[in-house]
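Engineer: Letter by letter, the sequence shown follows residues 6 to 129 of the working numbering.
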Amino acid sequence: MTDIQKFIALANEEIETAELLVKAGRYRLYLSRSYYAMYYMSQALLLSEDFEASTHRGLFKLLGLHFVKTGKISNDLAKSLASAYDDQQMSDYNIRFEPTKEEALEAIFEAQKFIEFIYPMLDD
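1. Restricting to Cα atoms, I'd like to know which of Ala116, Ala42, Arg62, Ala16 is closest to Leu82.
2. Quick one: is Ser59 buried, meaning 16 or more other Cβ sit within 10 Å of its Cβ, or exposed?
3. Can you check whether the CB of Leu127 is closer than 8 Å to the CB of Ile9?
4. Counting only the same chain and skipping the five closest in sequence on each side, list residues whose C-beta sits under 8 Å from that of Lys106.
5. Is the beta carbon of Tyr40 less than 8 Å from the beta carbon of Phe12?
6. Which whole-angstrom value describes the C-beta separation of Leu50 and Phe65, a residue pair presumed to lie in contact below a C-beta threshold of 8 Å?
7. Mind checking which residues open and close the alpha helix (DSSP H) that includes Gly63?
8. Would you mind stating whether Tyr35 and Ala87 have Cβ atoms separated by less than 8 Å?
9. DSSP three-state call for Arg33: helix, strand or coil?
10. For Tyr124, which of Glu24, Met43, Met95 has the nearest alpha-carbon?
11. Would DSSP call Leu51 helix, strand or coil?
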């Protein structure tokens with residue numbers, strides 16, 4: 006299995022985990038897993054063009070430079086990743102943050118849309 010395939014597998018695993026979490030009413034964790042599904046898919050995309058990011062900030066920067074600015078992915082898609090990151094930060098680190106089921110379902114919808122857009126761009 007190539008590294009790109011491993012990232013794709015991790016993204017799919019995170020989506021499956023997120024779906025289990027929402028059924029269990031664990032919306033905080035659900036938001037985090039939805040973001041990581043998008044994160045792993047982004048890592049696969051970067052790797053498909055021989056780029057690697059070791060930080061979240063680095064990932065956003067590389068995606069912006071090599072995919073958004075070149076028109077390969079839309080600014081809206083990049084914004085959905087940034088929004089998912091913000092949700093992940095809130096859900097993991099803000100004890101007062103109480104996401105709703107609707108917010109969780111919107112997060113999984115955005116993550117699935119992101120993955121469905123990126124997947125055909127991958128060579129592996």
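Cβ atoms here follow ideal geometry from the backbone N, Cα and C, with glycine treated the same way.
Structural biologist: In this structure, then:
1. The residue given as residue 82 occupies position 77 in the sequence shown. When each option's Cα is compared against that of Leu82, the closest is Ala116.
2. Locating residue 59 in the sequence shown gives position 54, where the first residue counts as 1. Around the beta carbon of Ser59, fewer than 16 other beta carbons lie within 10 angstroms, which makes this residue exposed.
3. As a working mapping, residue 9 is identified with position 4 in the sequence shown. As a working mapping, residue 127 is identified with position 122 in the sequence shown. Remark: C-beta atoms of Ile9 and Leu127 approach each other more closely than 8 Å.
4. Working through the sequence shown from its first residue, we reach residue 106 at position 101. Excluding residues up to 5 positions away in sequence, Val27, Gly30, Tyr32 lie with their Cβ nearer than 8 Å to the Cβ of Lys106 in the same chain.
5. The residue you call residue 40 lines up with position 35 of the sequence shown. The residue you call residue 12 lines up with position 7 of the sequence shown. Cβ atoms of Tyr40 and Phe12: not closer than 8 Å.
6. In the sequence shown, counting from the first residue as 1, residue 50 sits at position 45. In the sequence shown, counting from the first residue as 1, residue 65 sits at position 60. Beta-carbon to beta-carbon, Leu50 and Phe65 are separated by about 12 Å, too far to satisfy the 8 Å threshold.
7. Taking the sequence shown and counting its residues from 1, one reaches residue 63 at position 58. Here the alpha helix (DSSP H) through Gly63 covers 61–68.
8. What you label residue 35 is simply residue 30 of the sequence shown in a count that begins at 1. What you label residue 87 is simply residue 82 of the sequence shown in a count that begins at 1. For Tyr35 and Ala87, no; Cβs fall outside 8 Å.
9. The residue labelled residue 33 in the question sits at position 28 within the sequence shown. Collapsing the DSSP output to three states places Arg33 in a helix.
10. As a position in the sequence shown, residue 124 is number 119, starting the count at 1. Of the residues Glu24, Met43, Met95, the one whose Cα lies closest to the Cα of Tyr124 is Met43.
11. Within the sequence shown, residue 51 is the residue found at index 46, counting from 1. Looking at Leu51 - three-state DSSP - the assignment turns out to be helix.
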